[in-house]
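One structure is given here, and the rest of the page talks about it.
Right, dumping it as structure tokens:
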């Protein structure tokens with residue numbers, strides 16, 4: 007039934023693979039491409055949570071930071087090589103996701119703020135001077151022994167494709183059908199035989215895993231980072247804005263949103279982030295009032311069946 | 003064919019705060035039987051449906067379905083065991099197509115046993131299969147609710163005021179449809195205010211008042227019973 | 350033992366101020382069932398208003414109060430009518446209003462940074478009185494006592510409004526049930542607009558005292574204030590503005606105690622409290638509105 011969906015999904019995957027795979031060959035700014043890839047993946051991950059469960063994780067960065075620190079701990083204390091350490095970071099984010107699962111009982115706005123609070127708690131714990139022997143506290147992490155910008159770029163590339171693939175799977179599979187049903191009407195979804203708790207958990211944990219893996223590979227790529235940079239609210243906000251702009255619940259929405267807006271940020275935002283903040287703030291207000299389903303809904307209105 | 007009733011409800015109590023919405027309700031239902039459930043507003047009819055279909059957990063009492071006490075089990079498990087329901091106000095998945103609405107139920111509640119398109123045929127919705135569920139009118143949405151419930155291949159179907167808002171022609175079609183379900187071996191518990199409609203599909207009703215069953219028998223006998231008359235008129 | 354007494358009494362003063370910080374958020378939620386994520390930024394604007402009144406015109410920052418009340422009415426009323434009726438007709442007003450106010454908060458923050466610069470500012474505490482006030486043997490800056498006093502006055506005024514005025518009675522009806530208030534003929538939009546603007550003004554009022562209670566102010570202080578406000582409101586009772594006093598006191602005393610005995614962990618407190626309350630007793634200590642998924 008969703009045959010065209012799988013085709014579209016394949017097209018998106020190919021586009022991302024070729025785009026981020028080939029462009030670095032003739033465009034030297036690897037840092038920009040890396041960050042953009044990271045945000046496309048993060049937006050996709052957040053979209054799995056918001057688009058499929060209706061819950062907006064305002065503390066999404068908590069998983070990112072958990073991934074970064076999980077990777078750092080695996081490298082520093084367990085002496086794992088970089089790639090398994092990144093996976094370890096993903097697992098730590100998963101654990102954090104399981105710990106936070108009780109929040110899924112709450113209604114939308116409560117959940118969002120509680121999730122934000124949770125990521126702040128994690129940040130203050132990690133950054134606490136009393137824990138310096140474990141997390142280096144506020145002094146930051148140095149992973150210079152494993153520094154490998156090209157290899158870490160490639161690994162992020164793989165993670166991005168896997169995350170996008172997961173999103174395509176969710177959109178075209180029965181699990182995705184169930185999740186959409188839960189989102190539309192939880193009571194009748196349950197009566198139709200859908201296990202609400204399990205469905206929400208799967209989407210939630212998948213979302214956490216994506217952020218954790220991205221965080222882990224980010225930590226590896228930059229190899230020097232402070233608690234503030236991997237737990238900053240800005241990462242959550244950017245991911246949310248990109249998803250809302252592109253269109254939540256679709257596969258192509260987060261990609262378009264992240265590429266366009268992060269590109270804009272790179273042009274005007276890095277030197278004067280306030281201008282970017284003003285723009286996306288106004289953009290959000292406008293979106294909610296006039297285009298709540300994002301850019302993808304413009305395509306839908308024309309009758310295009312957007313994945 | 004076993005001699006055991008399909009559904010045995012005994013002593014069910016459901017409280018909300020200090021109020022007892024159900025205060026010791028009990029009855030049995032045989033396989034393939036249609037039982038009517040009537041009562042004044044606030045007597046607990048929908049609460050009883052909610053308890054049997056897993057929306058509420060009762061404080062006391064039991065609900066035996068095919069020999070097993072299912073009271074308190076979550077709705078999705080009951081759906082897979084063979085209990086389903088329609089809603090007083092239809093609850094379609096608005097932004098999904100009619101076919102997808104039924105597909106969810108067929109896949110998850112019905113264990114893939116039934117073909118969604120066949121179910122759509124059975125309930126007269128085949129022509130609307132590709133429409134977005136939110137664009138349907140009330141009568142069509144009620145049919146969709148029914149189709150979804152049927153797609154889970156139920157043995158017991160709880161029908162909550164499905165007649166409300168239907169014109170006489172639609173009511174006739176719905177009555178025929180419910181009787182057909184009975185022929186297919188599905189037992190029905192039908193909550194209704196429209197007594198003419200109810201009379202067409204079942205000889206037996208239970209009258210509920212203030213959370214308790216006060217009468218069980220035929221509709222015509224119920225109309226003569228002093229307690230029933232008082233419950234409806236006395237309010 | 351002086352340390353403990355200082356923390357407790359100071360906690361009460363601090364907590365009363367924080368009750369004022371939270372009450373605007375609670376009022377808006379109680380009447381409109383919307384969470385104003387821009388709340389902390391409104392407090393920030395109030396704080397900067399007081400700062401500029403002092404630095405530009407040399408007046409006591411208290412003169413910022415009438416200035417801000419007027420300002421928030423002028424801006425708040427049209428904002429309500431432009432935005433809220435549209436929101437109420439959307440598919441998911443709760444989440445969409447949440448996101449919209451979030452967008453608004455970003456606009457306010459960015460404008461403030463562009464207008465005021467990123468630096469921290471402060472206002473000398475002497476502007477609200479010199480010396481020290483002695484309470485039960487502990488001394489506190491007069492600014493704290495003034496802030497606590499104004500908070501109490503504001504909350505009493507809110508109480509008088511809600512329980513001793515016709516408009517307030519109608520407001521409580523809307524808070525209990527919007528639909529029933531509509532059928533009773535109450536002009537729900539007007540009540541909501543008034544509550545909306547009142548919520549803004551209360552935030553601004555709290556902002557005037559923020560430089561004294563929080564030390565320094567900067568354009569990015571909004572987010573933390575919003576989260577703390579939410580924690581306070583939830584601890585007390587979401588939807589019951591007077592319950593904010595309880596939440597404020599719990600928070601104020603708790604944070605004072607943390608800062609005295611476990612200072613390096615005190616940053617965590619509001620967030621930790623929020624999660625604990627929201628998971629264990631989302632209806633708050635006073636237990637009114639409950640929210641389920």
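Residue numbers (the working numbering), protein chains in the order written: chain A, 7 to 313; chain B, 3 to 237; chain C, 350 to 642.
Virtual Cβ for every residue (Gly too), placed ideally from N, Cα, C.
Three-state secondary structure (DSSP) of residue 378 of chain C: The residue given as residue 378 of chain C occupies position 29 in the third chain. The three-state secondary structure of residue 378 of chain C, taken from DSSP, is helix.
Close beta carbons around residue 492 of chain C, own chain, < 6 Å, minus the five adjacent residues each side: In the third chain, the residue the question calls residue 492 of chain C occupies position 143. Scanning its chain for C-beta atoms nearer than 6 Å, with the 5 sequence neighbours on each side dropped, one finds around residue 492 of chain C the residues 474, 477, 561, in chain order.
Start-end ranges of the alpha helix (DSSP H) lying completely within the segment 544-576 of chain C, minimum 4 residues: Counting whole runs of 4 or more residues, the segment 544-576 of chain C contains no alpha helix (DSSP H) stretch at all.
Reduced DSSP category for residue 639 of chain C - H, G, I as helix; E, B as strand; rest coil: Taking the third chain and counting its residues from 1, one reaches residue 639 of chain C at position 290. Only weak support is given to the placement of residue 639 of chain C: the predicted model assigns it a pLDDT of 42, under 50, and the value that follows is read from those uncertain coordinates. Residue 639 of chain C falls in the coil class under three-state DSSP.
Cβ pair count under 8 Å reaching 3, the segment 180-193 of chain A against the segment 32-40 of chain A: no
Run of the beta strand (DSSP E) containing residue 13 of chain B, from where it starts to where it stops: Along the second chain, one-based indexing puts residue 13 of chain B at 11. Bounds of the beta strand (DSSP E) holding residue 13 of chain B are 9-18.
Cross-chain neighbours of residue 77 of chain B in chain A, by beta carbon under 7 Å: Residue numbering aside, residue 77 of chain B sits at position 75 when the second chain is read from its first letter. Correct list: 196, 197.
Residue(s) in a DSSP beta bridge with residue 21 of chain B: Counting from one through the second chain, the residue named residue 21 of chain B turns up at place 19. Paired residues: B:18.
DSSP bridge partner residues for residue 219 of chain B (one or two, in chain order): Numbered from its first residue, the second chain carries residue 219 of chain B at position 217. Answer by DSSP bridge pairing, in chain order: B:207.
Strand pairing of residue 134 of chain B, partner residues [DSSP]: Here residue 134 of chain B refers to the residue found at position 132 of the second chain. Partner(s): B:99.
Residue 234 of chain A, buried or exposed, once every other Cβ within 10 Å from all chains shown has been counted against 16: Taking the first chain and counting its residues from 1, the one referred to as residue 234 of chain A is at position 228. Residue 234 of chain A sits exposed, since fewer than 16 C-beta atoms from the chains shown fall within 10 Å of its C-beta.
Whether residue 372 of chain C touches residue 593 of chain C by CB criterion (9 Å): Position 23 of the third chain holds residue 372 of chain C. Position 244 of the third chain holds residue 593 of chain C. Cβ distance < 9 Å, so residue 372 of chain C and residue 593 of chain C count as in contact.
Beta-carbon proximity of residue 54 of chain A to residue 245 of chain A, cut-off 9 Å: The residue labelled residue 54 of chain A in the question sits at position 48 within the first chain. The residue labelled residue 245 of chain A in the question sits at position 239 within the first chain. It is not a contact, given that the beta carbons lie outside the stated cut-off.
Three-state secondary structure assigned by DSSP to residue 134 of chain A: Here residue 134 of chain A refers to the residue found at position 128 of the first chain. Here residue 134 of chain A sits in coil by DSSP.
Candidates A:113, A:151, A:21: closest to residue 83 of chain A by CA position: On the first chain, residue 83 of chain A is found 77 positions in, with the first residue counted as 1. For residue 83 of chain A, the nearest C-alpha among the options comes from A:151.
Neighbourhood of residue 125 of chain B by C-beta, 6 Å cutoff - its chain only, sequence neighbours within 5 removed: For the purposes of this step, residue 125 of chain B is identified with residue 123 of the second chain, where counting begins at 1. When the five nearest sequence neighbours on each side are left out, the beta carbons in the same chain lying within less than 6 Å of the beta carbon of residue 125 of chain B are those of 145, 148, 149, in order along the chain.
Between the CA atoms of residue 200 of chain B and residue 165 of chain B - distance to the nearest angstrom: Your numbering for residue 165 of chain B matches position 163 in the second chain. Your numbering for residue 200 of chain B matches position 198 in the second chain. About 9 Å.
Chain B within 9 Å of residue 301 of chain A, Cβ atoms only: Along the first chain, one-based indexing puts residue 301 of chain A at 295. No - not a single Cβ of chain B is within 9 Å of the one on residue 301 of chain A.
Rounded straight-line distance, which links the Cα of residue 411 of chain C to that of residue 402 of chain C: Within the third chain, residue 402 of chain C is the residue found at index 53, counting from 1. Within the third chain, residue 411 of chain C is the residue found at index 62, counting from 1. Cα-Cα distance, rounded: 9 Å.
Three-state secondary structure assigned by DSSP to residue 85 of chain A: Taking the first residue of the first chain as position 1, residue 85 of chain A is located at position 79. Coil, per DSSP.
Residue burial classification, residue 309 of chain A (beta-carbon count within 10 angstroms, cutoff 16): On the first chain, position 303 is the one that residue 309 of chain A refers to. Exposed: under 16 other Cβ atoms inside 10 Å.
Contact with chain C by residue 295 of chain A, beta-carbon distance below 9 Å: Counting from 1 along the first chain, the entry for residue 295 of chain A is found at position 289. Yes - at least one Cβ of chain C is within 9 Å of the one on residue 295 of chain A.
Residue 151 of chain A - DSSP class collapsed to helix/strand/coil: As a working note, residue 151 of chain A is residue 145 in the first chain. Helix at residue 151 of chain A.
Delimiting residues of the beta strand (DSSP E) encompassing residue 189 of chain B: Here residue 189 of chain B refers to the residue found at position 187 of the second chain. That run of the beta strand (DSSP E) goes 189-193.
C-beta neighbour in chain C for residue 116 of chain A, strict 9 Å: Position 110 of the first chain holds residue 116 of chain A. Yes - at least one Cβ of chain C is within 9 Å of the one on residue 116 of chain A.
Proximity of residue 64 of chain B and residue 14 of chain B at Cβ, strictly below 9 Å: As a position in the second chain, residue 64 of chain B is number 62, starting the count at 1. As a position in the second chain, residue 14 of chain B is number 12, starting the count at 1. In contact: residue 64 of chain B and residue 14 of chain B (Cβ atoms closer than 9 Å).
9 Å Cβ cutoff met for residue 299 of chain A and residue 253 of chain A: For the purposes of this step, residue 299 of chain A is taken as the residue at position 293 of the first chain. For the purposes of this step, residue 253 of chain A is taken as the residue at position 247 of the first chain. Contact: yes.
Run of the alpha helix (DSSP H) containing residue 603 of chain C, from where it starts to where it stops: Within the third chain, numbered from 1, the residue matching residue 603 of chain C stands at position 254. Start and end: 593-610.
Simplified DSSP state of residue 90 of chain B, which is helix, strand or coil: The count along the second chain starts at 1 and reaches residue 90 of chain B at position 88. Coil.
Beta-carbon separation (whole angstroms), residue 123 of chain A vs residue 624 of chain C, contact threshold 8 Å: The count along the first chain starts at 1 and reaches residue 123 of chain A at position 117. The count along the third chain starts at 1 and reaches residue 624 of chain C at position 275. Right, their Cβ atoms sit about 5 Å apart.
Nearest candidate by alpha-carbon position, reference residue 114 of chain A, set C:379, C:443, C:439: As a first step, residue 114 of chain A must be located in the first chain, where it is residue number 108. For residue 114 of chain A, the closest alpha carbon among the candidates C:379, C:443, C:439 is that of C:443.
Rounded separation between residue 138 of chain B and residue 111 of chain A - CA only: The count along the second chain starts at 1 and reaches residue 138 of chain B at position 136. The count along the first chain starts at 1 and reaches residue 111 of chain A at position 105. Roughly 31 Å between the two C-alpha positions.
Interface positions of the segment 20-49 of chain B facing chain A (Cβ-Cβ less than 9 Å), listed along the chain: The segment 20-49 of chain B vs chain A, Cβ under 9 Å: nothing.
For residue 470 of chain C, the three-state DSSP class (helix, strand or coil): The residue you call residue 470 of chain C lines up with position 121 of the third chain. If DSSP states are grouped into helix, strand and coil, residue 470 of chain C belongs with the strands.
Span of the beta strand (DSSP E) around residue 162 of chain B: If you number the second chain from 1, residue 162 of chain B lands on position 160. From DSSP, the beta strand (DSSP E) with residue 162 of chain B extends over 158-162.
DSSP bridge partner residues for residue 64 of chain B (one or two, in chain order): Position 62 of the second chain holds residue 64 of chain B. Paired residues: B:12.
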